[in-house]
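Data block below; observations after.
Residue numbers (my numbering): 10 to 291.
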């Protein structure tokens, strides 16, 4: 079983490459040869999280390639080691970012977030290492209400910027480091509502807990929940919720969730100016 880039990746990737190579705030790749543009999947860390497998593929955007007899090598003062590498292999370059996918069986994968970066390269000027290439994380560490993702970041890719002798132009000091990305718990995706109220209605399910908890961020709006019978009758109605919470217990102004244990119901969530990350029963 191989997870690989498809035609949509190639189409999106060319736009991503074009945007990057015209952005002066981002590190530019060592070569730009459009005939070699391609998108490839490197490593992909996979971990089980709250009953679902989450994958983090490192996506390589190949931006340039030159042959071993490229005329430009003669114009660069290369160290003997790097000179030997390019004379034997030529050189190539690109940049990475990390995306998100998920699966319930480790065979069928769903691409998430419109294939936008989950962890992107950092802009120049901030002292970051992950300005061009990276190797994505394998799994997060849970620290309180946060998920910590450790990954490797580099300031370069090609041979001509990988030397270790300061007397040559290929010298790249302090090129890589272990980097850290921090995410709120359950913060991979959110269901967002703007100033106009929206409604989420779940599939029917059996109540398996006495309390309902939500992970959400309500900015200037509000959220409320209802437990509905299969014919749509409200069985429990919550108070309104405001604020930023990673695990807020729902309070009921009408009905009691504990009395509905084992019953098949719907959950309806009404939200405005809210980011809803997750809900669960306990």
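In this text, a Cβ means the ideal position worked out from N, Cα and C, and glycines have one as well.
Which of the three DSSP states is assigned to residue i in this structure?
i	result
residue 191	strand
residue 54	strand
residue 263	strand
residue 271	coil
residue 19	helix
residue 46	coil
residue 256	strand
residue 167	coil
residue 85	coil
residue 80	helix
residue 176	coil
residue 185	strand
residue 4	Residue 4 is absent from the model: the chain starts at 10 and stops at 291.
residue 29	helix
Rounded to whole angstroms, what's the CA-CA distance from residue i to residue j? Just pull it up for me.
i	j	result
residue 284	residue 190	20 angstroms
residue 7	residue 86	Because the chain is modelled from 10 through 291, residue 7 falls outside the range shown and cannot be assessed.
residue 195	residue 175	45 angstroms
residue 242	residue 263	13 angstroms
residue 69	residue 187	19 angstroms
residue 15	residue 48	9 angstroms
residue 108	residue 116	18 angstroms
residue 261	residue 274	16 angstroms
residue 99	residue 169	10 angstroms
residue 269	residue 225	24 angstroms
residue 126	residue 23	14 angstroms
residue 53	residue 158	13 angstroms
residue 50	residue 65	10 angstroms
residue 192	residue 198	11 angstroms
residue 46	residue 19	8 angstroms
residue 156	residue 150	6 angstroms
residue 257	residue 220	10 angstroms
residue 148	residue 62	11 angstroms
residue 120	residue 89	44 angstroms
residue 81	residue 227	55 angstroms
residue 235	residue 124	33 angstroms
residue 183	residue 213	55 angstroms
residue 154	residue 255	7 angstroms
residue 337	residue 83	Since the first and last residues shown for the chain are 10 and 291, residue 337 lies out of range.
residue 206	residue 110	29 angstroms
residue 280	residue 94	58 angstroms
Just list the residues that DSSP pairs residue i with in beta bridges.
i	result
residue 65	54
residue 158	190
residue 11	Looking at the DSSP assignment, residue 11 forms no beta bridge with any residue, so it has no partner.
residue 74	101
residue 290	221
residue 277	210 and 235
residue 35	None, per the DSSP bridge assignment.
residue 247	261
residue 283	202 and 227
If the criterion is Cβ atoms closer than 8 angstroms, does the pair residue i and residue j meet it?
i	j	result
residue 41	residue 73	yes
residue 181	residue 160	no
residue 67	residue 105	yes
residue 282	residue 230	yes
residue 71	residue 103	yes
residue 278	residue 179	no
residue 200	residue 210	no
residue 248	residue 166	no
residue 172	residue 138	no
residue 286	residue 222	no
residue 36	residue 133	yes
residue 216	residue 252	no
residue 118	residue 12	yes
residue 232	residue 250	yes
Strictly under 8 angstroms for the Cβ-Cβ distance: is residue i near chain D by that measure?
i	result
residue 78	Of the protein chains in the structure, only one exists, and it is not chain D.
Would you say the beta carbon of residue i is closer than 7 angstroms to some non-hydrogen atom of the ligand SAM?
i	result
residue 283	As far as ligands go, the structure on display features none, and thus does not contain the ligand SAM.
Quick one: complete beta strand (DSSP E) runs, 3+ long, within the segment 95-150?
As far as the segment 95-150 is concerned, its whole beta strand (DSSP E) runs of at least 3 residues are 100-107, 110-112 and 142-144.
Complete beta strand (DSSP E) runs within the segment 193-235 (minimum length 3 residues, chain order):
200-202 and 207-210, all fully within the segment 193-235.
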